[in-house]
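In the UniProt record's numbering, the protein residues as written are 1 to 348. Even for Gly, the Cβ is constructed at its ideal location relative to N, Cα and C.
Structural data, given as structure tokens:
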């Protein structure tokens with residue numbers, strides 16, 4: 001079973017010390033995270049300068065025979081990279097890879113910059129926030145587009161029946177500055193709800209259902225396979241997150257550093273081709289996902305059988321990333337407009 005879940009797939013209870021976010025908390029969180037990212041940017045710049053003066057290839061490049069270290073968060077959506085490994089797509093490209101589980105995009109980016117990964121899975125919001133703060137992160141490829149596999153869930157007996165009922169309510173997200181927050185704000189603004197009226201509460205995905213059951217929050221954002229587990233546990237979907245104004249929103253892709261991309265163009269191109277082949281095989285293949293997903297998430301096959309299928313899209317267009325950057329500026333996650341073209345590598 002997943003860490004933080006019970007034997008029946010339900011989320012375990014979160015620590016009782018968590019508090020709700022009040023008015024003003026979002027701005028405080030933004031400032032704190034930007035300060036931390038600024039320090040990380042300075043550290044990264046120093047490391048890059050030092051490596052440029054030496055004879056080595058820099059953090060994360062390794063030798064010619066070293067495997068490409070790929071960080072991934074254990075979701076249905078990262079089946080693309082697991083299948084590429086198990087199904088032979090990487091081998092067909094002559095690649096040796098090492099898959100390493102991460103704690104999510106916001107946590108994976110510092111590890112990427114520290115040289116722990118060569119490529120990592122990350123949501124667009126976290127990556128843009130990092131790039132806007134000066135970190136040299138680059139998108140290698142896309143991965144998934146928002147679909148019915150993301151839902152805003154409420155308790156079965158909740159009086160909320162329409163998205164507009166969330167006005168003034170609280171929504172649990174796994175990070176206050178990621179794609180879930182942007183998706184909720186975009187969708188609700190599209191139906192006439194003031195996004196500023198929503199109180200976002202930060203909780204790990206496996207802990208959200210228990211918080212909903214206790215009444216700590218009005219709604220939770222759940223992505224597969226957590227969405228299927230929440231439905232099985234009695235939650236009700238208020239609306240698919242990526243619908244209406246937030247339809248077709250790009251969710252997450254694959255990141256590397258500028259240095260690694262410059263020094264390893266063949267590895268980057270091979271990774272993109274292998275991922276494209278893998279995603280093409282997986283799309284709409286529920287039987288393969290039922291077999292594959294429990295092997296790296298420990299979510300039972302019977303839960304995977306009930307999931308909404310992901311929408312894989314590996315080729316990445318700059319306009320997709322720019323859409324997220326513009327929304328981040330609109331909702332004050334970043335202070336100024338950001339040109340996303342600078343962080344999207346040419347697609348092979």
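Legend entry - As assigned by DSSP and simplified to three states, the class of residue 99: For the purposes of this step, residue 99 is identified with residue 99 of the chain shown, where counting begins at 1. Three-state result, residue 99: strand.
Legend entry - residue 265, enclosing alpha helix (DSSP H) - first and last residue: Counting from one through the chain shown, the residue named residue 265 turns up at place 265. 265-282 is the span of the alpha helix (DSSP H), which, as asked, contains residue 265.
Inset, instruction - Could you tell me which uninterrupted beta strand (DSSP E) segments, each at least 3 residues in length, are contained entirely in the region 133-201, listed from first to last along the chain? - result: 137-145, 150-154, 170-173
Legend entry - Residues near residue 146 by beta carbon distance below 6 Å, same chain, minus five either side: For the purposes of this step, residue 146 is identified with residue 146 of the chain shown, where counting begins at 1. 242, 249, 251, listed in sequence order.
Legend entry - Residue of 150, 68, 199 minimising C-alpha distance to residue 100: In the chain shown, counting from the first residue as 1, residue 100 sits at position 100. For residue 100, the nearest C-alpha among the options comes from 68.
Legend entry - Cβ-based burial, residue 5 [other Cβ within 10 Å; buried from 16]: Residue 5 sits at position 5 when you count from the first residue of the chain shown. Low per-residue confidence applies at residue 5: pLDDT is 41, beneath 50, and the placement is therefore not dependable, though the value from the model is reported in the following sentence. Classification for residue 5: buried.
Legend entry - C-beta contact flag for residue 79 and residue 293 at 8 Å: Position 79 of the chain shown holds residue 79. Position 293 of the chain shown holds residue 293. Yes.
Legend entry - Reduced DSSP secondary structure (H/G/I, E/B, other) of residue 90: Here the question's residue 90 lines up with position 90 in the chain shown. In this structure, residue 90 counts as helix in the three-state DSSP scheme.
Legend entry - Residue span of the alpha helix (DSSP H) that contains residue 306, given as start and end: As a position in the chain shown, residue 306 is number 306, starting the count at 1. Premise fails: residue 306 is in no alpha helix (DSSP H) and is neither H nor E.
Inset, instruction - Below 8 Å on the Cβ atoms is my guess for residue 193 versus residue 166; work out the distance and round it to an integer in Å. - result: On the chain shown, position 193 is the one that residue 193 refers to. On the chain shown, position 166 is the one that residue 166 refers to. Right, their Cβ atoms sit about 6 Å apart.
Inset, instruction - Determine the contact status of residue 370 and residue 129, defining contact as a CB-CB distance below 8 Å. - result: Lying outside 1 to 348, the shown extent of the chain, residue 370 is not represented and no answer is given.
Inset, instruction - For residue 296, I'd like the list of residues in its chain whose CB is within less than 7 Å of its CB, leaving aside the five on either flank, ordered along the chain. - result: Your numbering for residue 296 matches position 296 in the chain shown. 74, 82.
Inset, instruction - Give the DSSP-derived three-state secondary structure of residue 314 in the structure shown. - result: Against the chain shown, residue 314 aligns to sequence position 314. If DSSP states are grouped into helix, strand and coil, residue 314 belongs with coil.
Inset, instruction - Would you decide whether residue 85 is buried or exposed? Buried here means 16 or more other CB atoms lie within 10 Å of its CB. - result: Position 85 of the chain shown, counted from the start, is the residue given in the question as residue 85. Residue 85 should be labelled buried.
Legend entry - Selected residue, minimal CA-CA separation from residue 255, among 141, 233, 159, 132: Taking the first residue of the chain shown as 1, we reach residue 255 at position 255. It is 141 whose Cα lies nearest to the Cα of residue 255.
Legend entry - Pairwise C-alpha distance: residue 269 and residue 40: If you number the chain shown from 1, residue 40 lands on position 40. If you number the chain shown from 1, residue 269 lands on position 269. Because residue 40 carries a pLDDT of 46, less than 50, the predicted location of this residue cannot be relied on, and no value is offered for it.
Inset, instruction - With distances taken Cα to Cα, identify the nearest neighbour of residue 261 among 76, 168, 347. - result: Mapped onto the chain shown, residue 261 falls at position 261. Checked all of 76, 168, 347; the closest Cα to residue 261 is 347.
Legend entry - Residue range of the unbroken alpha helix (DSSP H) whose run includes residue 209: The residue you call residue 209 lines up with position 209 of the chain shown. Taken as a continuous stretch (DSSP letters only), the alpha helix (DSSP H) holding residue 209 covers 208-214.
Inset, instruction - Determine the closest residue to residue 225 out of 303, 336, 327, 332, with distance taken between C-alpha atoms. - result: Here residue 225 refers to the residue found at position 225 of the chain shown. Answer by Cα proximity: 303.
Inset, instruction - Please say whether residue 150 and residue 76 have beta carbons closer to each other than 8 Å? - result: The count along the chain shown starts at 1 and reaches residue 76 at position 76. The count along the chain shown starts at 1 and reaches residue 150 at position 150. For residue 76 and residue 150, no; Cβs fall outside 8 Å.
Legend entry - Segment contact flag, the region 312-325 with the region 275-290, C-beta cutoff 8 Å, min 3 pairs: yes
Legend entry - Environment of residue 215 [buried if 16+ CB atoms lie within 10 Å]: As a working note, residue 215 is residue 215 in the chain shown. Exposed is the call here.
Legend entry - Contact the region 130-139 vs the region 168-187: 3+ CB pairs below 8 Å: no
Legend entry - Given residue 122 as reference, the closest of 233, 178, 282 once Cα atoms are compared: In the chain shown, the residue the question calls residue 122 occupies position 122. Of the listed residues, the one whose Cα sits closest to residue 122 is 178.
Inset, instruction - Thinking residue 153 and residue 236 are a contact (beta carbons under 8 Å), I'd like their distance in whole angstroms, please. - result: To locate residue 153, count along the chain shown from 1; it is residue 153. To locate residue 236, count along the chain shown from 1; it is residue 236. Yes, residue 153 and residue 236 are in contact; Cβ-Cβ is about 7 Å, under 8 Å.
Legend entry - Residues sharing a beta bridge with residue 116, DSSP: Walking along the chain shown from the start, residue 116 turns up at place 116. Paired residues: none, contrary to the question.
Legend entry - Neighbourhood of residue 143 by C-beta distance below 7 Å, restricted to the same chain and skipping five residues each side: As a working note, residue 143 is residue 143 in the chain shown. Counting only Cβ-Cβ distances below 7 Å, and skipping sequence neighbours, we find 77, 80, 121, 252, 253, 254, 312, 314.
Legend entry - For residue 256, the first and last residue of its enclosing beta strand (DSSP E): Counting from one through the chain shown, the residue named residue 256 turns up at place 256. Segment 250-257, the beta strand (DSSP E) holding residue 256.
Legend entry - C-alpha gap between residue 271 and residue 95, whole angstroms: Start at 1 with the first residue of the chain shown, and residue 271 comes out as number 271. Start at 1 with the first residue of the chain shown, and residue 95 comes out as number 95. Rounded to the nearest angstrom, the two C-alpha atoms are 8 Å apart.
Legend entry - Simplified DSSP assignment, three categories, for residue 244: Numbered from its first residue, the chain shown carries residue 244 at position 244. It is helical.
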